[in-house]
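Numbering (full-length UniProt numbering), first residue to last: 1 to 942.
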């Protein structure tokens, strides 16, 4: 896996040599030579990595060689970072005679450190050349010689999956309903050839489930021909076709075809097709990895219109999707075992010969903790419980395994199968996705990771390769989706539009990732009070550790630091912090106990990502303007109210996020504050996200400058006034890529005239308007891609539903805070075809809400609240058959009484809704509601 480090380094060197050659100055030739040598080494590394992954015997000398390659890659990166830092810190920028004099002075001051670093790079170059020469001694084949395509597999003798083919029914738990459903797909449905794909992460039981279905007597009797093919990562299509033909011959009780072993692919396909006219077949391809696998076998198993079935088990749902090109596909996403079934399986294995099959009371808590750690993964449950079945049933033995589970995966033969199976998915990744995947291990166990945060860190690390026509963020999003599709990353929260908001690692994958990060010197996770560390450290994740411990790592050339659950970060520690970690690229202080940033933050030349989110920081030092590589500055929920003018020097800045929401206040224009920025913002041409900007500072000139930020995807402004309105509309018209717009006026009475936006951004997906609208903008109903719309304090007199109900992709609509002053709202038949969430609150004049039958066909959540004139339950709710949740907030007393399940006159209207909340305001603030849940028989408090 040293190839991962070398490939990443080559990409970086190539970028430096082509895009930033001037920075390299006198070491340009040496860097070019190093790149060439590394490229030569790279091809041999793939062969070494493949042998290691396949667990072939590897000479100790080879292991040492691979380790040396990884270390030299680290030293190259550090040396170049140090050289670029020296160049940057002593480039004073002034021009003219004074500028020339200053530059000359600085050159004289830095010539010695630069010379030392250049000498170090010369030394590294010689080291790389020696390593390259040694590679030829170990008999590696380069990928150019065709030895390795990146496919890695486990030999059958060592393959833990073979056990799943021979399990008795008594050993199988929790898949009975899955078996029944898959059988129905096979013996029922369309007469056309159909692909049934069983998808899930490694160890989930795909092979076990499919084998039980394949061996079922109903399935055996329904099909004329049957074949089970184990594919895995390395296969030859001719071998697979021969195996199918041989198994078909067994079904016909025939001898194998004469000369079959000498047939080429084309002849094998023809022979196979000859077997199948008017014959019903079922063929299982177990453990398919390659997306394009379908192209290899689709012609050999024709659609003969008699109900042929092809079953594919895979970890990657894209394998199943690819088959849709030429066949109907049914996808069965196998889920982890529920807790009760996981516990049943654990007890069945751990206590099969003891305690009458039951867990002793003294071991119950630890046993439940161990089962929880397995996350419903049958392979892990069986392996761990089988290991425990060999041990004494004592607290000591149980706790010992519980506390060292991650370590045991790497060394205990009972658990090696889990490590092998889960590691296969990692080995199959391309090197850039390996780095992205390992990065998730920097977050604590069970941590729900903000996907946008993760993606920005990937970009800052240089893991994301640019693709023409796409932003780096879009490419990184594709990386994340691929990791999800490969069943390596779990989705923990999804946005309304289907995009992933938060993700996580399965607990066992997290343990394996921690070990791989350690083995590869990818990241050091600091969980205990270590005073020093001897190995290489590129990145560090600190969790629940005293800040004092970090002092022992200040000379380790760390370039990424993530902090979690720290109790304190005093000024005495922070003052020398940046001088101790000069090569930082990623610095994440989110939720750290931090109230200031040292003045020398500008010395971090390489810093690309700086997050102070949810800290108590009040001011940014002027030196922030020296961070010429900074891409993300996250100031959300900090106390920073004004940015220094030096921010405008950050030409590479892509994301500037700064606001403070006071959740102790009721929702109002004053409860959320933006930041003041200075004129000159037009220089930030790479900016994609800018929110929230306080327009009460900077005036019309600042607003006009914002019109030159043509790459903006998200813009939020506060304190919009009449004077700056027209300039803002003109600026918005130039933002062709804008996807999210949030506009708030200086007061509830200040009129927002958005009508003058001549060409509204056609990509707009989210729009929030907070202020008085004299007229509803006629361009809003034309926004074909709009997904979310919120209007507040708009004081509209005309029913906005008429204008909005034909928006084709609108998923969420909120009309609140006197956004509408009329007495009636009418949602007509066919209105809002895709709307899932509707929120109508603080509409003081509303008397009547009419919902026609056929309106809101997909509505799932409906909130009605704080509208004192609305005294009757809208009877149109009866038509909303897809509704899952209904909330009424601070409604009139007689309105609530009419909903009583026993005596309410309108209970019949909402009886079909699974859950209905009655909420009441109990205090000031954003989270100010007490809920009562309306059930079928009675009202209960929750």
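Built from N, CA and C at the ideal position, the CB exists for glycine as well. Computed from a predicted structure; not experimentally measured.
Put residue i into one of helix, strand or coil per three-state DSSP.
{"i": "residue 99", "result": "Confidence at residue 99 is low in this model, with a pLDDT of 43, below 50, so the placement of that residue is unreliable and no value is reported for it."}
{"i": "residue 755", "result": "coil"}
{"i": "residue 227", "result": "strand"}
{"i": "residue 685", "result": "coil"}
{"i": "residue 862", "result": "strand"}
{"i": "residue 156", "result": "Bear in mind that a pLDDT of 45 at residue 156, under 50, signals an unreliable position, so the model cannot answer this."}
{"i": "residue 470", "result": "coil"}
{"i": "residue 917", "result": "strand"}
{"i": "residue 601", "result": "helix"}
{"i": "residue 543", "result": "strand"}
{"i": "residue 526", "result": "strand"}
{"i": "residue 321", "result": "helix"}
{"i": "residue 996", "result": "For residue 996 there is no data in the structure shown, the boundaries of the chain being 1 and 942."}
{"i": "residue 706", "result": "helix"}
{"i": "residue 391", "result": "coil"}
{"i": "residue 937", "result": "Confidence at residue 937 is low in this model, with a pLDDT of 39, below 50, so its placement is unreliable and the value that follows should be read with caution. Three-state DSSP puts residue 937 in coil, outside helix and strand."}
{"i": "residue 665", "result": "coil"}
{"i": "residue 207", "result": "helix"}
Between residue i and residue j, what straight-line distance do the alpha-carbon atoms span, to the nearest angstrom?
{"i": "residue 703", "j": "residue 474", "result": "28 angstroms"}
{"i": "residue 379", "j": "residue 632", "result": "41 angstroms"}
{"i": "residue 786", "j": "residue 718", "result": "22 angstroms"}
{"i": "residue 647", "j": "residue 900", "result": "58 angstroms"}
{"i": "residue 722", "j": "residue 679", "result": "19 angstroms"}
{"i": "residue 944", "j": "residue 297", "result": "Since the first residue of the chain shown is 1 and the last is 942, residue 944 is not available in this structure."}
{"i": "residue 860", "j": "residue 911", "result": "15 angstroms"}
{"i": "residue 394", "j": "residue 406", "result": "20 angstroms"}
{"i": "residue 929", "j": "residue 512", "result": "43 angstroms"}
{"i": "residue 700", "j": "residue 772", "result": "20 angstroms"}
{"i": "residue 412", "j": "residue 400", "result": "13 angstroms"}
{"i": "residue 563", "j": "residue 303", "result": "57 angstroms"}
{"i": "residue 893", "j": "residue 822", "result": "22 angstroms"}
{"i": "residue 174", "j": "residue 209", "result": "10 angstroms"}
{"i": "residue 618", "j": "residue 594", "result": "10 angstroms"}
{"i": "residue 287", "j": "residue 577", "result": "50 angstroms"}
{"i": "residue 870", "j": "residue 385", "result": "60 angstroms"}
{"i": "residue 314", "j": "residue 294", "result": "12 angstroms"}
Report yes if the CB atom of residue i is closer than 8 angstroms to the CB atom of residue j, and no otherwise.
{"i": "residue 482", "j": "residue 560", "result": "no"}
{"i": "residue 231", "j": "residue 182", "result": "no"}
{"i": "residue 958", "j": "residue 904", "result": "Since the first and last residues shown for the chain are 1 and 942, residue 958 lies out of range."}
{"i": "residue 758", "j": "residue 431", "result": "no"}
{"i": "residue 738", "j": "residue 754", "result": "no"}
{"i": "residue 840", "j": "residue 799", "result": "no"}
{"i": "residue 331", "j": "residue 299", "result": "no"}
{"i": "residue 260", "j": "residue 243", "result": "no"}
{"i": "residue 336", "j": "residue 308", "result": "no"}
{"i": "residue 543", "j": "residue 565", "result": "yes"}
{"i": "residue 597", "j": "residue 621", "result": "yes"}
{"i": "residue 878", "j": "residue 856", "result": "no"}
{"i": "residue 429", "j": "residue 398", "result": "no"}
Determine the closest residue to residue i out of the options, with distance taken between C-alpha atoms.
{"i": "residue 801", "options": "253, 769, 707 and 850", "result": "850"}
{"i": "residue 119", "options": "38, 29, 193 and 39", "result": "29"}
{"i": "residue 433", "options": "449, 458 and 725", "result": "458"}
{"i": "residue 874", "options": "907, 902 and 890", "result": "907"}
{"i": "residue 735", "options": "789, 762 and 756", "result": "762"}
{"i": "residue 882", "options": "836, 909, 871 and 870", "result": "836"}
{"i": "residue 779", "options": "733, 525 and 737", "result": "733"}
{"i": "residue 630", "options": "623, 932, 654 and 618", "result": "654"}
{"i": "residue 370", "options": "522, 381, 362 and 361", "result": "381"}
{"i": "residue 603", "options": "624, 188 and 408", "result": "624"}
Contact criterion: CB-CB distance below 8 angstroms. Does residue i meet it with respect to chain D?
{"i": "residue 602", "result": "The displayed structure is made up of one protein chain only, and chain D is not part of it."}
Under 8 angstroms by Cβ, that's how I've got residue i and residue j pegged, so tell me the actual separation to the nearest angstrom.
{"i": "residue 496", "j": "residue 885", "result": "The pair is not a contact, with the Cβ atoms about 14 angstroms apart (cut-off 8 angstroms)."}
{"i": "residue 197", "j": "residue 320", "result": "4 angstroms"}
{"i": "residue 452", "j": "residue 480", "result": "Their Cβ separation, rounded to whole angstroms, is 10 angstroms, which puts residue 452 and residue 480 out of contact at 8 angstroms."}
{"i": "residue 358", "j": "residue 387", "result": "About 19 angstroms; that fails the 8 angstroms criterion."}
{"i": "residue 333", "j": "residue 199", "result": "5 angstroms"}
Is residue i a contact residue of the ligand NAD, with contact defined as CB to any heavy atom under 7 angstroms?
{"i": "residue 569", "result": "The model depicted lacks the ligand NAD and carries no ligand whatsoever."}
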